[in-house]
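Line by line, the protein sequences give chains A and B. Under the numbering used here, the residues of the first sequence are numbered 603 to 1468, in order. Under the numbering used here, the residues of the second sequence are numbered 8 to 194, in order. Backbone N, C-alpha and C fix where the C-beta goes; we use that ideal spot for every residue, glycine too.
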Amino acid sequence: MHSDCIVIEGSNMAECHPVAFRWVMQAKLAGATVIHVDPRFTRTSAMADIHAPLRAGTDIAFLGGLIHHVIEHEKYFKEYVVHYTNAATLVRDDFKDTEELEGVFSGLHGYDGDPLNGFVGQYDTASWQYVSGDTGTQRAGDGAMTGQVSQNPAKRGDMAGKGPEVGANPPPQGPPFDGMVRAMKKPPPPRDETLQDPRCVFQIVKRHFSRYTPEMVERVTGCPKDVFLKVAEAITRNSNPERTTAFCYAVGWTQHTYGPQLIGTCAMLQLLLGNIGRPGGGILALRGHATIQGSTDIPTLYHSIHGYMPALSTLKQHETLADYLKTETLPASYWSNTPKFFVSYLKSMYGAAATVENDFGYGWHPRIAGDHSHLPMTIAMMEGRVKGMFAMGQNPAVGAQNARLQRKALAKLEWLVVKDNFETETAAFWRTSPEVQNGELKTEEIQTEVFLFPSAQVGEMDGSFTNTQRLVQWHAKAADPPGDCRSDLWFTVHLGKRLKAHYAASTLPRDQGIKHLVWDFDADHPEPGSRIPDEPDARKVLREVNGYRSADGRHLTSAAELKDDGSTTCASWIYCGIYPEPGKNLAESRVPDAPEGPQTHLGWAFAWPSNRRTLYNRASARPDGKPWSERKKYVWWDGKRWTGHDVPDFPLTKAPDAPAKPDAIGLDAHAGTDPFILKVDGKGWLFAPTGLVDGPLPTHYEPVESPVQNPLYKQQTSPVLKMWRRDDNVIASQDPRYPHVLTTYRLTEHHLSGVMSRWLPWLAELQPELFVELSPELAGAHGIDNLDLVRIATPRGAITAKALVTRRMRPLQIDGKTVHQVGLPWHWGYQGLVTGEVVNNLSALVGDPNVSIHEGKAFVCNVEKA
Amino acid sequence: MGISRRDFFRVSTGTALGGLVGLGVNLAPATARAEALRIKDTKAHPSVCPYCAVGCGTVVHAANNQVVHVEGDVRSPVNQGNLCPKGAAIYQLHVNPNRLTKVLRRAPGATQWEEWDLERAMDRVAELTRKTRDETFVERDPKGKTLNHSLGIFSLGGATMDNEWNHVQQKLMRGLGVVAIENQARI
Chain A
603 MHSDCIVIEG SNMAECHPVA FRWVMQAKLA GATVIHVDPR FTRTSAMADI HAPLRAGTDI
663 AFLGGLIHHV IEHEKYFKEY VVHYTNAATL VRDDFKDTEE LEGVFSGLHG YDGDPLNGFV
723 GQYDTASWQY VSGDTGTQRA GDGAMTGQVS QNPAKRGDMA GKGPEVGANP PPQGPPFDGM
783 VRAMKKPPPP RDETLQDPRC VFQIVKRHFS RYTPEMVERV TGCPKDVFLK VAEAITRNSN
843 PERTTAFCYA VGWTQHTYGP QLIGTCAMLQ LLLGNIGRPG GGILALRGHA TIQGSTDIPT
903 LYHSIHGYMP ALSTLKQHET LADYLKTETL PASYWSNTPK FFVSYLKSMY GAAATVENDF
963 GYGWHPRIAG DHSHLPMTIA MMEGRVKGMF AMGQNPAVGA QNARLQRKAL AKLEWLVVKD
1023 NFETETAAFW RTSPEVQNGE LKTEEIQTEV FLFPSAQVGE MDGSFTNTQR LVQWHAKAAD
1083 PPGDCRSDLW FTVHLGKRLK AHYAASTLPR DQGIKHLVWD FDADHPEPGS RIPDEPDARK
1143 VLREVNGYRS ADGRHLTSAA ELKDDGSTTC ASWIYCGIYP EPGKNLAESR VPDAPEGPQT
1203 HLGWAFAWPS NRRTLYNRAS ARPDGKPWSE RKKYVWWDGK RWTGHDVPDF PLTKAPDAPA
1263 KPDAIGLDAH AGTDPFILKV DGKGWLFAPT GLVDGPLPTH YEPVESPVQN PLYKQQTSPV
1323 LKMWRRDDNV IASQDPRYPH VLTTYRLTEH HLSGVMSRWL PWLAELQPEL FVELSPELAG
1383 AHGIDNLDLV RIATPRGAIT AKALVTRRMR PLQIDGKTVH QVGLPWHWGY QGLVTGEVVN
1443 NLSALVGDPN VSIHEGKAFV CNVEKA
Chain B
8 MGISRRDFFR VSTGTALGGL VGLGVNLAPA TARAEALRIK DTKAHPSVCP YCAVGCGTVV
68 HAANNQVVHV EGDVRSPVNQ GNLCPKGAAI YQLHVNPNRL TKVLRRAPGA TQWEEWDLER
128 AMDRVAELTR KTRDETFVER DPKGKTLNHS LGIFSLGGAT MDNEWNHVQQ KLMRGLGVVA
188 IENQARI
């Protein structure tokens, strides 16, 4: 709403997030330029000033082209770039860019780990580091999640500063751990603020994107050069002290074998344009589930524990508590507090049993040993290695990639527990799946014991969701659920009570973790008038997430209160402060700003951390602390403290001219001009020495399945992506049998796999049937008319859908070749009031190397009249 | 009324005021009465839309321990009372004849569901969880590093469920040693 230009790319915001799109339209009414970059012309495009078409999966080339344009024409925000980014920082001499190595970076070698992790290659990241100083290589948390941190100690280079083997004087250990953290501190890396040194990040970035010219963008993406230049002109005109540009994206960006790099390209562009931490700027993820953000923060995800701390892993130096803290603590940055966050987390797990003497129960906590995400777990399930599964509020029989493989894998389970509102495709796989219908599976031979527990719905339970802007909002219980429907909380709390009772007397070391697990969520009093007297108290759960003083239970008010000696108990340091005292749950707060107020609505719910609405908002002021402009005034230094329309994301009394203290740890190691408090150097990263396993800079690679050769590099696809080669997961690239690009998407009237929409009469009636979108050119070439049945085939399977022949799909010219794109919404399945074929039967198990996101938005297919 | 559904749709999209007004039928008194009746004597509970991550505020009206009506919360700075078609259908997540209200269990090899008592089903799931966990638990890897985990159980789901559930689920799983924990956030 405060933006002067809004670029929506990788999202059909008008149809998939229509209520949020109202704000885009409000901005447009106030004069903003709206741009839609997308393979399809949708209702978002119809409302945009510019629609830039492109081939699905080529967004890095498009954004890289914008970076090239911004640098080439010196349109970057110089003062912001010099002071707030790592543009000036010098990188090691032995770093080699993709320009020098035909599309790969220095350090590439073969992958020698467990094949189940799926990697096709691996990087040694030593040469990507700054000339000297700390980049937090030890942490590299993202690598651990995929099992890519090397088992080869030589790879760690000079960053292997951990463990008692280093040096003659091992650092002191705690608690308190401050001494240990201080001993890890390294001097800051050298910088060249003229940005001229060939080793500085700015010059490296400039060379890296030197061939991403408008002509090259057109060759790779199919977006006409003149349209691309219109976009470039609009964003540069609207990015300066007076104006800001925002980017909005959704899974059109993430679901690629280079998804995180794609987001990174946008982050680089926005840093160059000075649009991070400022009102109307930023990169907004339009996420798809009510608490997909909350379930990432409070991670039902294997690779992380609360508050973005990496999961304990055998692939890193994590054997003891001290090992973990040395590996994961960044001495300079807010992450210097990791010992406080982590010890408080262990206290939330094991309570009074977690003591200084037993390293707060660290030894009981389980470790990961590789990639345990959905993609490899599907393979493990198919191989019979997974015996039991909980599928709660998720429907992989429709939603998972290569859904046929997923359903067959379900049949290998000994037991499956589904909890949902309706009989989902996952729950019914043994009786109504296509594989049962066609005889591939026989119901009588499926030995899986299946449970289906009916669920309470949102109005029938207390709890909170965290929206895509980190806003945690409480929903109140309005009525009991019917029959034996129970809240999800009820299910897990009562399952836990049964299991804890079983292990209560165990003396086995392996059982001590569950035996000592704190499990105190019973309501003090049953809810009056309720049929369900044993419903747990959701606020007690929130209290544990928020944290309390271990001794007397007093609620914590902010993460600044956390201690590393066990005196504080707090599951999630980032949620600390949401429930500062009994009776004051800020997620329940419902006080919006008055119309004349700043419209940050600090009284409406709670945004983590610390109720902050825009992260890194120190960057909304000049280095000297004054607003960049009156028009974009947001957070500023008033001579004594930081103040403004939001909670400042900076130490409140640290002056803009405060120097970095060379011997200090934490934020004292940063200067008053370093807004990026979670980064070791306080800078926004245009070049990522650590954190990514597939390169310090984004590079255009083709999707695993593509009809064309990479026009930019000899290297066709990411050299380290994840792929599981099997007869039931065949991949086709540049294969004349599959000449078209296929992309999938969602509709306004349906939700994901359809469990929450295809069973609702109102929604089922609005969008009853699966269809396939084809351009008139492609349809004409195959003799397909509107409403004809069309067979769409990939190497994994074939489905039938009704043709929607439309100008919304247009063929593109890619490197002199006509490429057609085909679009499929993927909401249908074989259960529900309206049914249709499962589109994910067509997709493949391939993934990105950082986070194992699958490539669901660009693969290849063929079409024919059915 | 004498108009088909198709006519209704055509007329309603062709007039700014709505189809029936366009046909000369004034339904305002009936509508007002229906609305008044619908939330009469209900209690309004602040809530949040459970579909996408925009986080539209809603109000759930309930009476006699039953959800009666769900609408957008006009106070919410997120949506100012507006809802999309999915948000407008939240009521049917609650009040829906297709909704399950009993636990169903399918025995190995069986061709039909059977209804199970809730407590009995919970006992059985606890027993299966314990058995699989104990049978597949590994304390150390071949190099002697601590694992304390089981890869025999896979927990999937979370992004459509409450934060509080996510907390207890990941806590219970990690307490047991189950590390294969996933949700839609990777999708």
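Neighbours of residue 991(A) across chain B, judged by C-beta separation under 8 angstroms: 160, 161, 162, 163. Only residues of its own chain outside the window of five on either side were considered, and among them 1091, 1092, 1095, 1123, 1124, 1125 have a CB closer than 7 angstroms to the CB of residue 1138(A), listed in chain order. Residue 1435(A) is positioned such that its CB atom lies closer than 8 angstroms to that of residue 1360(A). Straight across, the Cα-Cα distance linking residue 890(A) with residue 976(A) is about 18 angstroms. Residue 1322(A) is a Cβ neighbour of residue 724(A), given a cutoff of 8 angstroms. Excluding its 5 nearest sequence neighbours in each direction, residue 186(B) has C-beta neighbours in its own chain below 6 angstroms: 156, listed in chain order.
Of 872(A), 1166(A), 1454(A), 901(A), the smallest CA-CA separation from residue 670(A) is found for 872(A). In the DSSP assignment, residue 1415(A) is bridged to 1420(A). Rounded to whole angstroms, the separation of the alpha carbons of residue 1304(A) and residue 705(A) is 11 angstroms. Residue environment for residue 85(B): buried (at least 16 other C-beta atoms within 10 angstroms of its C-beta). Contacts between residue 171(B) and chain A, judged by CB atoms closer than 7 angstroms, involve 1065, 1066, 1091, 1140, 1143, 1144 in chain order.
Sequence-distant partners of residue 988(A) (beyond 5 residues in either direction) whose C-beta falls short of 7 angstroms from its own C-beta, in its chain, are 979, 982, 1015. DSSP, reduced to helix, strand and coil, places residue 688(A) within a helical segment of the structure shown.
Residue-level contact by beta carbon fails for residue 1171(A) and chain B, as no gap is shorter than 8 angstroms. In this structure, residue 1448(A) and residue 1324(A) form a Cβ contact; the two beta carbons are roughly 6 angstroms apart against a cut-off of 8 angstroms. In this structure, the straight-line span from the alpha carbon of residue 966(A) to that of residue 785(A) is close to 28 angstroms.
Collapsing the DSSP output to three states places residue 51(B) in a strand.
Under the three-state reduction of DSSP output, residue 1268(A) falls in the strand class. Cα atoms of residue 631(A) and residue 647(A): separation of roughly 16 angstroms, rounded to the nearest angstrom.
The beta-carbon of residue 994(A) is placed less than 8 angstroms from the nearest beta-carbon of chain B. Looking at the DSSP output, residue 1022(A) bridges to 1056(A). Across the structure, residue 869(A) and residue 1146(A) are spaced so that their CA atoms are roughly 34 angstroms apart. Between residue 1234(A) and residue 881(A), the CB-CB gap stays under 8 angstroms. With the rule of 3 Cβ pairs closer than 8 angstroms, the region 1304-1321 of chain A counts as touching the region 1408-1423 of chain A.
Per DSSP, the continuous beta strand (DSSP E) segment holding residue 851(A) begins and ends at 847-851. Non-local C-beta neighbours of residue 77(B) in its own chain, meaning closer than 6 angstroms and more than five positions away in sequence, comprise 65, 67, 97, 98, ordered along the chain. With respect to the 8 angstroms criterion, residue 1067(A) and residue 170(B) are classified as neighbours on the basis of their beta carbons.
For residue 1405(A), the closest of 642(A), 1416(A), 1385(A) by C-alpha to C-alpha distance is 1385(A). Residue-level contact by beta carbon fails for residue 1293(A) and chain B, as no gap is shorter than 8 angstroms. Annotation for residue 1023(A): 1057 place their beta carbon closer than 6 angstroms to its own, counting only its chain and skipping 5 residues before and after.
Identification of chain A residues near residue 130(B) by a Cβ-Cβ cut-off of 8 angstroms yields 1100, ordered along the chain.
The region 691-699 of chain A makes contact with the region 797-812 of chain A; the number of CB pairs closer than 8 angstroms reaches 3 or more. Chain A has a Cβ within less than 8 angstroms of the Cβ of residue 188(B).
In the structure shown, the three-state DSSP call for residue 618(A) is helix. Going by DSSP, residue 1346(A) is part of the beta strand (DSSP E) stretching over 1342-1347.
Taking the C-beta atoms as reference points, residue 999(A) is found no nearer than 8 angstroms to residue 957(A).
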